[in-house]
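In order, the protein sequence lines correspond to chains A and B. Using my numbering, the letters of the first sequence correspond one by one to residues 1092 to 1480. Using my numbering, the letters of the second sequence correspond one by one to residues 106 to 282. Think of the CB as a built atom: it goes at the ideal place given N, C-alpha and C, for glycine as much as any other residue. What follows is one structure encoded as structure tokens, with my remarks underneath.
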Amino acid sequence: MTYDGRDRSAFWPEKLLVREESLADPLAKRLMSKLEGHAEISILSEKGDPLAADTAGDSSDAERFTKGKRTLLLQRHSGSWLKACPGTSGHVCCNLWIVNPGEGCPFDCTYCYLQSYLKRNPTLKLYTNIQEMLSEIETRASAEPNRMFRVGTGELIDSLVWDDLSEQTLELVPFFARIPNVLLELKSKDDYVENLLTLRNEHLGKTVVSWSVNAKSVTEKDERSTASLEQRIAAAEKVVEAGYRVGFHFDPLVHFEGWEDEYRDTVQSIFSRIPAERVAWVSISTLRYRSDLQDMMLARFPESKIPFGEQFLAKDRKIRYVQPLRFRMLHFVRDELMAIRKELPVYMCMESSSAWRQITGGAPVAGSELSEVFSRKGKLPIIEEGHHL
Amino acid sequence: MMLGSLKQYVEEKHVGGSLRERLEALGVDEQEALCAILALSPSANTLQELLRLSVEIAARDGVSLHSVLSSEELLAILEREGVNRKEKQKLLRALLEETRFPEMKKIRDSLSAHQAQLRKECGLRLSLPEDLEGDSVSLEISARSPKDLEQLAARIKQLAKHPSTKAVFDILGGHSS
């Protein structure tokens, strides 16, 4: 299947595994029907991840992870869905709530933390009992009506990558439009927005569609199978036209020769086509990862330069750039963004309070343009003309 | 196959595990280049670190490991006269670290230069945060009398106004390189 010149079936799964318990769920039926003739479909009765470290023989973590990218498992999720973003100890947190409609991603970014986080259970997963997820969100939001819940689905999965197959946004977007104190953030490196466009009269401003963006050369060399920067911006342009607000996540900022020019170009490319006042938020954050990810990157992407940057192993066992360099990058990109529009809500993800002091002059305060991101009560999103909560 | 001197090193130092695997995987020309370093009799840990840095430089720059291990600068250290083998190991490590992390080296050198300037002109040692993480510096002072403290206060005042102090804060805060 081709969408805007991209062959989407190139990253569709080669194997679709469906647990017996999920067979009757509409999502499983939809995927089985759409992937018939493309993927080898099997029904699975035993529990566990078929590529789990303790069951998949003596292949390496890297080999199993790569294999997992082509296998999609449909199953029901058990346990709770909604949780506060874990953030990082000692860092300023943006109060995002997260739900995971699945885990793993067929895209293959060199720096992706899922390579270490999911390395023991690398099969891609989609949960078929999404109705339960929505019920839990509704119950929680109703119990605290004065609290604003900004909920993201892009922590363990790309929010749009399966949408041509799962059509999940057709359920999520109208649901979030209906509940007064919730706001949905979809986060993606994909450009498939067809379902979102059909909801132009139903989203009511309660869904923000955001894209992870990077320097063009990083996207081209280290974000395999994703939409190009140009395609992501084109997709953002389409959803803005359909009345959505959008977000951009400059994450991870990567240090390389010529980084300033390339990140400036990315900022300019975005804002030459997207009106700044339609941007709900922009986050900036530099490359950082757990030390075990270094081995995965070296094993899976020996051609990538990312593992050989100026990052070092810090005391918390995370690998990151030394602070003066990190702050210089944050300053630069933030300044470029603020030059576009000084009210642009730019925040830093997983940075220390000293970073906030140095880069922005202090922690976010109530009433600032970052209220929607940081305030637990939050303000309600801007509603399009003619749209009502 | 391991060259004789490499084999001898592996046996003498009881090298095992990942370092041994890495050494066994080296090509003949890489082993030959490494043998010049083995002549300094580094510990297994030191050799592992020197090799790691060299491998990363080669991968980053898209050159062979052999060319990193036989660079002019590296050979110059190995051939330097009047320097003992421990010192040469330190110099090798410094050279490889500088090549591997040029930006970090520039930052640290610049900070060290400003610290030295402050020591020289104000007589006080400004300590940087560990791993350069954080935005506060510290100063340790000791006095034997109230008069000493008064003198120190004057020096601290001088330090606060010194351009190098501002430069240190600017570098830590990412305002300049």
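If we call anything under 8 Å between Cβ atoms a contact, is residue i one with residue j?
i, j, result
"L1107 (chain A)", "L1122 (chain A)", "yes"
"Q1259 (chain A)", "P1192 (chain A)", "yes"
"F1198 (chain A)", "T1317 (chain A)", "yes"
"R1231 (chain A)", "E1276 (chain A)", "no"
"A1153 (chain A)", "M1420 (chain A)", "no"
"K1278 (chain A)", "S1250 (chain A)", "yes"
"V1358 (chain A)", "V1437 (chain A)", "no"
"L1165 (chain A)", "S1113 (chain A)", "yes"
"S1272 (chain A)", "D1116 (chain A)", "In the sequence under discussion, the amino acid at residue 1272 (chain A) is Asn, which differs from the Ser named in the question. Cβ atoms of N1272 (chain A) and D1116 (chain A): not closer than 8 Å."
"L1173 (chain A)", "V1190 (chain A)", "yes"
"T1481 (chain A)", "R1417 (chain A)", "Residue 1481 (chain A) falls outside the range modelled here, since chain A spans only 1092 to 1480, and no answer is possible."
"I1397 (chain A)", "F1403 (chain A)", "no"
"K1329 (chain A)", "V1299 (chain A)", "no"
"L216 (chain B)", "L155 (chain B)", "no"
"R1448 (chain A)", "D240 (chain B)", "yes"
"I1375 (chain A)", "M1439 (chain A)", "yes"
"A149 (chain B)", "K118 (chain B)", "yes"
"F1102 (chain A)", "R165 (chain B)", "no"
At what residues does the alpha helix (DSSP H) containing residue i begin and finish?
i, result
"L1209 (chain A)", "Where L1209 (chain A) is concerned, there is no enclosing alpha helix (DSSP H), given that its DSSP letter is neither H nor E."
"G109 (chain B)", "109-117"
"L1290 (chain A)", "Neither: L1290 (chain A) is in no alpha helix (DSSP H) and is coded neither H nor E."
"D1352 (chain A)", "1350-1362"
"M1123 (chain A)", "1117-1126"
"K225 (chain B)", "207-227"
"F1240 (chain A)", "Premise fails: F1240 (chain A) lies in the beta strand (DSSP E), 1240-1243, not in any alpha helix (DSSP H)."
"I1324 (chain A)", "1320-1332"
Tell me which residue opens and which closes the beta strand (DSSP E) that residue i is part of.
i, result
"Y1204 (chain A)", "Careful: Y1204 (chain A) lies outside any beta strand (DSSP E) and carries neither H nor E."
"V1373 (chain A)", "1370-1377"
"Q263 (chain B)", "That residue, Q263 (chain B), is in no beta strand (DSSP E); its alpha helix (DSSP H) goes 251-266."
"V1304 (chain A)", "1298-1304"
"Q1402 (chain A)", "1402-1404"
"L155 (chain B)", "No beta strand (DSSP E) contains L155 (chain B), which is instead part of the alpha helix (DSSP H) from 149-166."
"L1107 (chain A)", "1106-1110"
"E1276 (chain A)", "1273-1279"
"H1340 (chain A)", "1336-1344"
What does the alpha-carbon distance come out to for the pair residue i and residue j?
i, j, result
"S232 (chain B)", "A272 (chain B)", "14 Å"
"E1463 (chain A)", "K1297 (chain A)", "12 Å"
"L200 (chain B)", "D134 (chain B)", "21 Å"
"K266 (chain B)", "R1355 (chain A)", "35 Å"
"S1133 (chain A)", "E178 (chain B)", "60 Å"
"E1368 (chain A)", "R1336 (chain A)", "9 Å"
"E1105 (chain A)", "W1253 (chain A)", "14 Å"
"S1171 (chain A)", "P1236 (chain A)", "20 Å"
"D1255 (chain A)", "L1287 (chain A)", "11 Å"
"P1472 (chain A)", "D214 (chain B)", "Bear in mind that the predicted position of P1472 (chain A) carries a pLDDT of just 43, short of 50, making it unreliable; the figure below should be weighed with that in mind. Distance between the alpha carbons of P1472 (chain A) and D214 (chain B) is about 48 Å."
"P1034 (chain A)", "T1289 (chain A)", "In the structure as shown, chain A starts at 1092 and stops at 1480, and residue 1034 (chain A) therefore has no counterpart that could be examined."
"E1293 (chain A)", "G279 (chain B)", "45 Å"
"R1432 (chain A)", "S1360 (chain A)", "15 Å"
"G1477 (chain A)", "E1229 (chain A)", "Residue placement at G1477 (chain A) cannot be trusted, given a pLDDT of 36 that sits under 50; what the coordinates show is reported in the next sentence. Rounded to the nearest angstrom, the two C-alpha atoms are 25 Å apart."
"S281 (chain B)", "E238 (chain B)", "16 Å"
"G122 (chain B)", "R157 (chain B)", "14 Å"
"C1196 (chain A)", "D1352 (chain A)", "30 Å"
"E116 (chain B)", "C140 (chain B)", "14 Å"
"F1392 (chain A)", "L254 (chain B)", "59 Å"
"N1305 (chain A)", "A1327 (chain A)", "15 Å"
"R1211 (chain A)", "D1281 (chain A)", "26 Å"
"A1325 (chain A)", "L1261 (chain A)", "21 Å"
"S1443 (chain A)", "P234 (chain B)", "14 Å"
"G1453 (chain A)", "E1460 (chain A)", "14 Å"
"D1140 (chain A)", "T151 (chain B)", "41 Å"
"I101 (chain B)", "S1151 (chain A)", "Given that chain B is displayed from residue 106 to residue 282, the structure contains no residue 101 (chain B) and the question cannot be resolved."
Considering only heavy atoms of the ligand SAH, does any lie closer than 7 Å to the CB of residue i?
i, result
"A1333 (chain A)", "What this structure holds is no ligand at all, so the ligand SAH is not there to describe."
Below 8 Å on the Cβ atoms is my guess for residue i versus residue j; work out the distance and round it to an integer in Å.
i, j, result
"I182 (chain B)", "V173 (chain B)", "Going by Cβ atoms, the distance from I182 (chain B) to V173 (chain B) rounds to 13 Å, so no, they are not a contact pair."
"L1247 (chain A)", "E1314 (chain A)", "With 8 Å as the limit, L1247 (chain A) and E1314 (chain A) do not qualify as a contact, their Cβ atoms being about 17 Å apart."
"L1384 (chain A)", "Q1206 (chain A)", "6 Å"
"I212 (chain B)", "P1415 (chain A)", "5 Å"
"S1308 (chain A)", "D1342 (chain A)", "S1308 (chain A) to D1342 (chain A), Cβ: 16 Å. No contact."
"S1257 (chain A)", "L1118 (chain A)", "6 Å"
"G1159 (chain A)", "L1187 (chain A)", "Contact doesn't hold; Cβ gap of about 26 Å is too wide."
"L108 (chain B)", "Q136 (chain B)", "5 Å"
"S1512 (chain A)", "T1201 (chain A)", "In the structure displayed, chain A extends from 1092 to 1480; residue 1512 (chain A) sits before or after that span and is not available."
- Message: Output needed in chain order: residues of the stretch 1412-1431 of chain A with a Cβ under 9 Å from some Cβ in chain B.
- Response: Y1412, V1413, Q1414, P1415, L1416, R1417, F1418, R1419, M1420, L1421, H1422, F1423
- Please list the residues of the stretch 155-166 of chain B that have a C-beta atom closer than 9 Å to any C-beta atom in chain A, keeping them in chain order. E161, I162, A164, R165, D166
- Query: In chain order, what residues of the stretch 221-255 of chain B put their CB closer than 9 Å to some CB of chain A?
  - Reply: P234, E235, D236, L237, E238, G239, D240, S241
- Item | Positions along the stretch 1324-1343 of chain A whose CB lies within less than 7 Å of some CB in chain B | none
- Query: Any residues in the stretch 120-140 of chain B with a beta carbon nearer than 7 Å to a beta carbon of chain A? Which ones, in chain order?
  - Reply: none
- Message: Taking beta-carbon pairs under 9 Å, can you tell me which members of the stretch 1166-1178 of chain A lie near chain B?
- Response: none
- chain B contacts made by the stretch 1438-1456 of chain A, where a contact means CB separation under 8 Å: S1443, S1445, R1448, Q1449, I1450
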